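The next block holds one structure in the form of structure tokens; read it before the comments.
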Amino acid sequence: MSRHALSRRRLLATTAGAGAALAAGPAAGTASAADAPAPNPYQLKLPHQIEAETLVDYLRMRPWSDGANRYKTAGQFPDENSALAWGAPGRPEQFSALAQCSSFLTMVLQRAYGTGTAYGWATREYFAEHFKTEAGKFYPTAEKFREGFANAAAIPHFTGVTKPVNLRPGDLVAFDYDPDVTTEPYTGHIVMIRERKGTLASSVDSQVGEGVIPYVFEIVDCTSDPHGNPAASASAEATYRAFPDTRIEEAAGAPTGWTEHNGVGYGHMVFYADPTTKLFAGYRWSVNSSTPRKAADRPIAAARVYLG
């Protein structure tokens with residue numbers, strides 16, 4: 140093995156030369172605050188987001204054929220209760236998930252803030268009292284979460300978020316399904332916000348209302364229906380690939396081949412803001428969905444966990 144020594148004199152000379160090169164040129168000394176990029180600070184992740192992402196990330200390391208990540212479809216798995224398993228670091232084979240949207244996020248909150256943690260509030264009794272878990276059930280429905288978030292000021296450890304523009308990573312958003320077309324146990328859906336990706340206009344936005352603002356969010360959830368797929372038109376397919384879902388498995392070397400899975404994962408949704416009030420105006424299941432939903436038909440409410 141050869142080693143190349145660098146003397147202190149040579150190091151100083153090299154450093155000075157590099158500094159001179161960086162400072163040279165017509166732009167030297169002319170930068171201003173207006174030329175600087177917008178601030179992009181690191182966002183603090185709350186414990187429940189860390190736990191949810193850890194579970195999803197390890198499960199993504201397991202092949203779908205393992206059956207370790209499943210949505211608990213009504214009528215299926217009658218002998219299995221909803222359950223999440225976090226394994227040891229570096230042991231993806233120890234992680235698993237069988238859940239629905241609300242049971243997934245309830246168990247994530249219990250792991251982060253339940254019995255045995257530094258917080259201790261996210262117990263079965265807490266959810267029964269504040270989110271009205273139905274008798275004989277272990278977890279509140281998405282509808283009950285939505286009702287609770289709409290009155291978040293009365294619920295300990297949560298604060299309401301009424302505008303899409305104010306959603307932060309870790310916030311929870313729940314919405315109801317249409318009562319006249321909904322059959323139990325699917326009362327609605329609930330997701331966790333992971334990141335706001337900006338706005339993305341679509342020709343279907345006007346179905347929600349004139350001038351609505353379409354915010355795209357990356358979300359974490361458990362669903363039987365991934366948020367989009369690459370089967371649409373060429374332009375819609377390109378949009379999907381910019382905002383994909385981890386439950387869509389695309390075949391290697393075959394761009395037109397893909398398989399749809401269910402369970403926990405990352406995806407993208409659109410939440411609309413009213414142009415005047417900035418409040419929730421509706422949602423779209425995916426960026427290439429052609430069916431937006433109005434909040435007047437499917438009420439939406441969001442809330443944020445606070446650690447104080």
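Numbering of the sequence shown is given in this note's numbering, commencing with residue 140 and proceeding in unit increments.
Every residue gets a Cβ at the ideal spot worked out from N, C-alpha and C, and that includes glycine.
Source: prediction; values computed, not measured.
Straight across, the Cα-Cα distance linking residue 300 with residue 442 is about 5 angstroms. Between residue 183 and the set 399, 308, 428, 405, the nearest pair of CA atoms involves 308.
Here the alpha carbon of residue 196 sits roughly 22 angstroms from the alpha carbon of residue 444. Residue 327 sits in a strand when the DSSP states are folded into three classes. Comparing alpha carbon positions, the residue from 221, 293, 283, 252 closest to residue 188 is 252.
Distance between residue 368 and residue 404, taken at the CA atoms: about 14 angstroms. Of the residues 239, 180, 312, 348, the one whose Cα lies closest to the Cα of residue 402 is 239.
If you compare the alpha carbons of 431, 399, 387 with that of residue 411, the shortest gap goes to 431.
For residue 179, the number of other beta carbons within 10 angstroms of its own is below 16, and it is reported as exposed. For residue 298, the enclosing beta strand (DSSP E) covers residues 297-300. With fewer than 16 other CB atoms across the displayed protein chains lying within 10 angstroms of its CB, residue 206 is exposed.
Taking a cut-off of 8 angstroms on C-beta distances, the segment 279-299 does not touch the segment 378-391, as fewer than three cross pairs fall below it. Residue 332 is bridged by DSSP to 358. By the criterion of a C-beta distance shorter than 7 angstroms, residue 212 is surrounded in its chain by 363, once the five residues flanking it on both sides are discounted. For the set 366, 396, 378, the Cα lying nearest the Cα of residue 385 is the one of 366. Taken in chain order, the complete alpha helix (DSSP H) segments of 4 or more residues contained in the segment 234-265 are 240-252. DSSP, reduced to helix, strand and coil, places residue 433 within a strand of the structure shown.
When the alpha-carbon of residue 328 is set against those of 380, 275, 244, 209, the nearest one is in 244. The residues 266, 279, in chain order, have a CB closer than 6 angstroms to that of residue 272 in the same chain once the five nearest residues on each side in sequence are set aside.
In the DSSP assignment, residue 305 is bridged to no other residue. Take residue 379, set aside five residues on each side of it, and the residues of its chain with a beta-carbon closer than 6 angstroms to its own are 367, 369, 427, in chain order. If you draw a straight line from the Cα of residue 249 to the Cα of residue 258, it comes to about 10 angstroms. Residue 304 counts as exposed, since fewer than 16 other C-beta atoms from the protein chains shown sit within 10 angstroms of its C-beta.
Here the C-alpha atom of residue 237 lies approximately 18 angstroms from the C-alpha atom of residue 263.
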